[in-house]
């Protein structure tokens with residue numbers, strides 16, 4: 008069983024903590040539009056685990072921001088998340104050139 012996904016919103020930054028997987032992302036999905044309002048940086052440094060469903064959510068959030076004429080930087084990408092992004096060949100969608108994003 009997964010640990011809960013927690014978030015802290017301080018626009019323009021939204022910080023995620025815990026695990027982002029198929030079991031935990033539903034609660035976030037339900038409130039994502041409200042939480043993402045005014046957010047330009049998504050800090051994922053506090054995520055202990057991300058599965059392919061969580062990665063799909065990150066891709067979706069970037070796409071949603073782009074469709075609304077904005078952009079979303081994903082900061083704090085861990086080595087594990089970097090590996091998952093590379094495994095799915097998503098470096099062009101979720102840039103990982105700077106693992107020490109702040």
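In our numbering, the protein residues as written are 8 to 109.
A virtual CB, placed ideally from N, CA and C, is assigned to each residue, including glycine.
In this text, all values refer to a predicted model and were calculated from it rather than measured experimentally.
### Query
Roughly how many angstroms separate the alpha carbons of residue 10 and residue 34, rounded to a whole number?
In the chain shown, counting from the first residue as 1, residue 10 sits at position 3. In the chain shown, counting from the first residue as 1, residue 34 sits at position 27. Their Cα atoms are separated by approximately 13 Å.
### Query
Cα-Cα, which of 12, 25, 42 is closest to residue 19?
The count along the chain shown starts at 1 and reaches residue 19 at position 12. Among 12, 25, 42, the Cα nearest to that of residue 19 belongs to 42.
### Option nearest residue 57 by Cα separation, candidates 70, 76, 94
By 1-based counting over the chain shown, the position of residue 57 is 50. Ranked by Cα distance from residue 57, the options 70, 76, 94 are led by 94.
### Query
For the putative contact between residue 80 and residue 31, defined by C-beta atoms under 8 Å, what is the C-beta separation to the nearest angstrom?
What you label residue 80 is simply residue 73 of the chain shown in a count that begins at 1. What you label residue 31 is simply residue 24 of the chain shown in a count that begins at 1. With a Cβ gap of about 22 Å, residue 80 and residue 31 do not count as contacting.
### Query
How many whole angstroms separate the CB atoms of residue 27 and residue 53, which I take to be in contact at a CB cut-off of 8 Å?
Here residue 27 refers to the residue found at position 20 when the chain shown is read from its first residue. Here residue 53 refers to the residue found at position 46 when the chain shown is read from its first residue. About 10 Å separates the two Cβ atoms, so there is no contact after all.
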